[in-house]
Amino acid sequence: NISGALCISQAWPGMARTIYNDHKRFLETYLTPYPGFFFTGDGAYRTRKGYYQLTGRLDDIINISGHRLGTAEVEDVVNHHVAVAESAVIGYPHEIKGEGKMLDFLLLKHLTWGYGTASGNGYTQETLAAELQELISKKIAKYAAPDYVQVTHAGCSSTPA
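The sequence shown: position 109 = 109 (the UniProt record's numbering), numbered continuously.
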């Protein structure tokens, strides 16, 4: 089991060959970091059995009070919550911290909104936000907990099954 940068050793049809009017930037971004390989900008995890899991963009970093935090780290923790199907973390300007963090676009798994899961625990926006902030605080650090959590109910039933 190993984590690292996802790089590709051979060209493929349709791959980028330059950045319009900035070929030097293309070379510096994609070909220089790992000579002989095309750097995709993504992180990856490879299991002992040879399976790959993309872990997120390596260049998607939020700076919160001097702490550099990858958005993929937070998304990974949140996506393990029983009620969350997908998530995205975005930064925004913050007067004191430099950048604040908002956890956004939570698509809830079916049968978790308002009427509860199989265990009977229902979620409101407030209870889910509090659970996710606590989860992130425990798994990563207190400073990593988002300032805001926005829940999206798309695709979820609001009526009992």
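Glycine residues also receive a C-beta, built at the ideal position from the N, C-alpha and C atoms.
Residues that DSSP places opposite residue i in a beta bridge
i: residue 169; result: An answer regarding residue 169 cannot be provided, because it is not within the stretch 1 to 161 covered by the chain.
i: Q53; result: Y45
i: I62; result: L69
i: residue 200; result: Absent from the structure is residue 200, since the part of the chain shown begins at 1 and ends at 161.
Sequence-distant residues of its chain with Cβ nearer than 6 Å to residue i (five each side left out)
i: I19; result: R25 and F26
i: R68; result: I61
Residues near residue i by beta carbon distance below 7 Å, same chain, minus five either side
i: I96; result: none
i: D59; result: G41
i: E73; result: I140
Residue i: CB within 6 Å of a non-hydrogen atom of the ligand SAM
i: A44; result: The ligand SAM is not among the ligands present in this structure, which contains no ligands whatsoever.
Residue i burial status per 10 Å Cβ neighbour count (16 or more: buried)
i: I2; result: exposed
i: Q133; result: buried
i: L128; result: buried
i: A16; result: exposed
i: P13; result: exposed
i: Y51; result: exposed
Best match in the options for proximity to residue i [C-alpha to C-alpha]
i: I62; options: T55, K142 and G70; result: G70
i: I64; options: D42, Y92, C7 and Q53; result: Y92
i: E99; options: Y34, R17, Y143 and T29; result: Y143
i: G66; options: T55, Y148 and H94; result: H94
i: R57; options: Y123, P35, F37 and V89; result: V89
i: V151; options: Q125, A16, Y51 and M15; result: Q125
i: residue 227; options: Y52, E131, Y34 and G14; result: In the structure displayed, the chain extends from 1 to 161; residue 227 sits before or after that span and is not available.
i: Y34; options: Y123, H23, S9 and V149; result: S9
i: G36; options: Y51, Q53, D22 and A11; result: A11
i: Y123; options: K49, F38, V84 and H23; result: V84
Spatial neighbours of residue i in its chain, beta-carbon cut-off 8 Å, leaving aside the 5 residues before and after
i: S119; result: Since pLDDT at S119 reaches only 45, below the 50 mark, its modelled position is unreliable, and the value read off the structure follows with that caveat. Once the five neighbours on either side are set aside, S119 has no close Cβ partner at all.
i: T55; result: S3, D42, G43, A44, Y45, A72 and D76
**Q.** Three-pair Cβ contact test at 8 Å for the region 2-12 versus the region 43-61
**A.** yes
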